[in-house]
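Below is one structure, written out as structure tokens; the observations come after it.
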Amino acid sequence: MTASTTIAREFANSKMLMQFSLSFIVTSVICGLFVIIVLYCLTLKKFKSKSEVSKVWHNVTVNGRPSRKIRKQRSVRHKKKMASSAITQAMKTCKSEPITENEQPTKSASSTKALKRHSPEECKDVFNNPSNKKQSPKKSKVIRETKDFNHPVYKSISSQNGEINRMTHQQLISTLKQFNLDSSGYPDILKKRLKLYYMESSLGKAGLDSHQTAQSFDYLCVIDFEATCERQNPADYLHEIIEFPIVLVNTKTRLVEDTLMLFCKPLLNPKLSEFCTSLTNITQVQVDYADTFPVVLETVNRWMKHKELGSKYKFAIVTDGPWDMNLFLRVQCKLSKLKFPSYAKNWINLSKTFSSFYKTSRVKLELMLRNLGMEFEGQPHRGIDDAKNIARIAVKLMEDGCNLVINDALT
Ligand code: AMP
Ligand code: MG
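Using the working numbering, the letters of the sequence shown correspond one by one to residues 2 to 412.
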């Protein structure tokens with residue numbers, strides 16, 4: 002009886018001891034985790050207040066990395082912050098109403114709005130500063146000093162712009178003809194052309210330099226890839242580049258100085274679909290006898306080096322949308338296990354530039370041409386012909402006073 006009581010007591014004691022040790026271990030683990038997270042936050046030096054630490058607690062996933070949702074929220078918050086700072090900056094630098102006509106495309110719609118009342122230089126400045134790093138006081142002072150928007154000429158330009166806005170298509174054509182200007186194209190484009198002409202001449206007469214025609218780049222490399230495709234491309238379809246064309250435009254002479262056109266042999270889908278052949282006009286024989294993409298890219302790089310692009314001359318890639326770089330080149334580099342070329346990470350998306358400059362909706366290549374009163378020349382969906390036609394639009398934009406700047410990047 003005594004022995005069994007002792008055993009029962011010892012058993013109870015050991016059970017209590019086990020429960021105590023278990024709760025001690027659990028509490029230590031929780032405390033340890035908490036301390037690790039707090040230390041993690043403190044070492045990042047991002048968060049100072051207790052409430053912010055609690056935000057991090059919520060945002061961190063098990064592996065210590067912010068969840069996808071949180072990263073997306075942060076990116077949206079960052080974009081909003083950038084746009085609102087661009088607006089604030091624009092409001093600070095803006096002195097008076099006019100100079101509405103030569104804004105450059107920006108990273109976000111809201112910052113575009115913010116730039117609407119700015120001179121090209123100011124727009125360029127905010128755009129060229131996408132990270133929204135604060136400009137040095139010296140630089141912003143220069144902008145304010147060199148532009149006196151209180152000059153009466155700006156008032157006259159502004160009222161003239163109003164009159165041009167009220168003109169009919171026919172009036173626009175006859176006025177442009179009076180000044181020996183190109184009168185082809187849709188009314189929005191003609192308005193823009195006339196306003197720029199009037200602004201240039203008014204500023205010139207007033208002894209002010211408008212710098213309308215200054216270009217940021219010496220050369221434009223217009224690229225338009227063609228790739229393997231099916232009539233209905235499946236969602237996971239991997240396009241391989243089959244044509245790599247470049248049209249080299251000199252921004253000073255506004256002439257096409259050279260062209261390069263190379264076919265590429267696809268490896269994943271070596272046999273072109275009937276749809277692809279009829280869409281692009283590229284034949285099976287042409288790709289069969291072509292080099293593979295790594296060799297083609299090497300040839301392109303040598304050609305660029307020979308042209309002193311990126312060394313002696315500043316150049317930018319021009320495409321008619323985001324897909325050439327963001328889809329075709331990205332996928333092809335992955336397939337070919339090549340590093341994405343650094344010069345192709347940012348480019349001029351001409352469709353964006355076009356709609357922002359002429360205040361039209363985003364349209365495809367053929368419609369951009371038609372808006373400008375031009376017709377597509379050559380075979381649509383043949384890379385070299387597409388690139389030549391994109392180059393024609395780029396030239397027209399430059400002639401109309403648009404400074405072509407980088408407005409798209411790899412996402
Ligand atoms: P693009 O520059 O418009 O000629 O198009 C470039 C590439 O996109 C083509 O070479 C095709 O691979 C693909 N593509 C264009 N249009 C179509 C279409 N309607 N259907 C399937 N793929 C297309
Ligand atoms: Mg094309």
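Beta carbons: idealized from backbone N, C-alpha and C, even for Gly.
Just so we're clear, the structure is a prediction, and the values are computed from it rather than from any experiment.
Going by DSSP in three states, T320 sits in which element: helix, strand or coil?
strand
CB of A345 to nearest heavy atom of ligand 1: below 8 angstroms?
no
Using DSSP with H/G/I as helix, E/B as strand and the rest coil, what is P246?
strand
With DSSP run on the structure shown, which of helix, strand or coil describes T89?
Because T89 sits at a pLDDT of 33, beneath the cut-off of 50, its placement in the model cannot be relied upon, and the following sentence gives the value as read from the coordinates. Reduced to three states, the DSSP call for T89 is helix.
Limits of the unbroken beta strand (DSSP E) element including V223
220-224
Ligand 2 and G379: does any heavy atom of the ligand fall closer than 8 angstroms to the residue's C-beta?
no
In chain order, what residues of the same chain lie with their CB nearer than 7 angstroms to the CB of Y220, ignoring the 5 residues before and after it?
L249, V250, N251, T252, L310, Y314, F316
Report yes if the C-beta of E227 is less than 8 angstroms from at least one heavy atom of ligand 2; otherwise report no.
yes
Pull up the distance between the alpha-carbon of G186 and that of G322, whole angstroms please.
21 angstroms
Pull up the distance between the alpha-carbon of K193 and that of E367, whole angstroms please.
20 angstroms
Continuous alpha helix (DSSP H) stretch holding N347: start and end:
From DSSP, N347 is part of no alpha helix (DSSP H) but of the beta strand (DSSP E) over 347-350.
Y314 - partner residues in DSSP beta bridges:
L310
Can you give me the C-alpha to C-alpha distance between A410 and V30, rounded to a whole angstrom?
45 angstroms
I think I243 touches C265, with their Cβ atoms under 8 angstroms apart; what is that distance to the nearest whole Å?
5 angstroms
State buried or exposed for Y198, treating a residue as buried only when at least 16 other CB atoms are found within 10 Å of its CB.
buried
So, under 8 angstroms CB-CB, R255 and V406 are touching, yes? Tell me the CB distance rounded to an integer number of Å.
Incorrect: roughly 16 angstroms between the Cβ atoms, too far for contact.
Does the beta-carbon of H307 have 16 or more other beta-carbons within 10 angstroms, so that it is buried, or is it exposed?
exposed
Exposure label - P153; buried when at least 16 CB within 10 Å:
exposed
Collapsed DSSP secondary structure at D401 in the structure displayed:
coil
Which same chain residues, not among the five before or five after D325, have their C-beta less than 7 angstroms away from its C-beta?
I224, D225, F226
Exposed or buried, what is E338 when buried is set at 16 or more other beta-carbons lying within 10 Å of its beta-carbon?
Note on identity: in this sequence residue 338 is Lys, with Glu being the wrong assignment. K338 comes out exposed.
Alpha-carbon to alpha-carbon, F341 and E241
15 angstroms
DSSP state of F264 mapped onto helix, strand, coil:
strand
Roughly how many angstroms lie between the CA atoms of T229 and R383, to the nearest whole one?
12 angstroms
Should I174 be listed as close to ligand 1, given that the test is whether its C-beta is under 8 angstroms from any heavy atom?
no
P271 burial status per 10 Å Cβ neighbour count (16 or more: buried):
exposed
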